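See below for the structure under consideration.
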Amino acid sequence: MDRLFVSYWLRGASEANLLRHVETALGLFPVSRLSPVLVGRVWGVSFSEPVLAEQPFPGASDGQPVLDFFKEHRGPDVAFEVEARWDLWQRDSEWKLAPLPVSLFAFAPRFERSDSDQLRFELGPELHFLPSPDSAGGGRMIEGNVRSLLKLVHDLDDALPAERRQLWTDSAANFAERLEQAMRGEALDE
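Numbering (numbering that gives the first Met the number 0), first residue to last: 0 to 189.
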């Protein structure tokens, strides 16, 4: 299954206001109560280069320590990554609320990447948001995950100066269409 992403293209985005947008997005993200750990990473030039700096922030419930860390590494060709977790319903042998890794990326203007978005959330495998016939008894749990996703996106839409937002997957499939298809009980194209 593909990973699910939400990307934002921001009006007036620049190196100077990048951290302000990270602060806004991070302030709206529901950090896991079960695993409140944030990790800050700074990438230079492109993702093909090694990480320039990395620091974990165990027990961090807000993003201020990560933002302070990022302030030390500003530049026109960096990307900031905040790795966090959020609590979603997941099925192992049974359904339970468990922390799922998520990353927030913020891109300075000259950081090399295939897309031109300034903010991107990597939200984990799309299977946590798509109902399937083999998710016995999981309809309500998947619905809860979708509600969490929609609340996050709605809050980000309200708070960010977005010119454009896109919810997408690794295969570039339209996630909204895939969700509608799954809700109708139709088989999903892989």
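Each residue gets a CB set at the ideal place from its N, CA and C atoms; glycine is no exception. Just so we're clear, the structure is a prediction, and the values are computed from it rather than from any experiment.
Three-state secondary structure assigned by DSSP to residue i
{"i": "Glu14", "result": "coil"}
{"i": "Ala172", "result": "coil"}
{"i": "Glu162", "result": "strand"}
{"i": "Arg40", "result": "strand"}
{"i": "Arg2", "result": "strand"}
Nearest-angstrom Cα separation, counted from residue j out to residue i
{"i": "Leu66", "j": "Val81", "result": "9 Å"}
{"i": "Pro29", "j": "Gln165", "result": "20 Å"}
{"i": "Glu71", "j": "Ala15", "result": "13 Å"}
{"i": "Glu142", "j": "Phe128", "result": "7 Å"}
{"i": "Trp167", "j": "Leu155", "result": "16 Å"}
{"i": "Ala83", "j": "Leu17", "result": "19 Å"}
{"i": "Pro98", "j": "Thr23", "result": "22 Å"}
{"i": "Asn173", "j": "Gln54", "result": "34 Å"}
{"i": "Met182", "j": "Gly62", "result": "35 Å"}
{"i": "Leu96", "j": "Leu178", "result": "21 Å"}
{"i": "Ser34", "j": "Ser113", "result": "32 Å"}
{"i": "Trp88", "j": "Gly74", "result": "38 Å"}
Beta-carbon gap between residue i and residue j smaller than 8 Å
{"i": "Met0", "j": "Glu176", "result": "no"}
{"i": "Arg32", "j": "Asp86", "result": "yes"}
{"i": "Leu9", "j": "Leu151", "result": "no"}
{"i": "Ala59", "j": "Leu37", "result": "yes"}
{"i": "Phe106", "j": "Val44", "result": "no"}
{"i": "Phe56", "j": "Pro49", "result": "no"}
Distance cut-off 7 Å: residue i Cβ against heavy atoms of the ligand NAD
{"i": "Ser13", "result": "This structure simply doesn't include the ligand NAD, nor any ligand for that matter."}
Residue burial classification, residue i (beta-carbon count within 10 angstroms, cutoff 16)
{"i": "Asp116", "result": "buried"}
{"i": "His190", "result": "Here the chain comprises residues numbered 0 to 189, so residue 190 is not present and cannot be evaluated."}
What are the uninterrupted segments assigned as beta strand (DSSP E) that are 3 or more residues long and contained completely in the segment 51-122, given in chain order?
77-90 and 94-106
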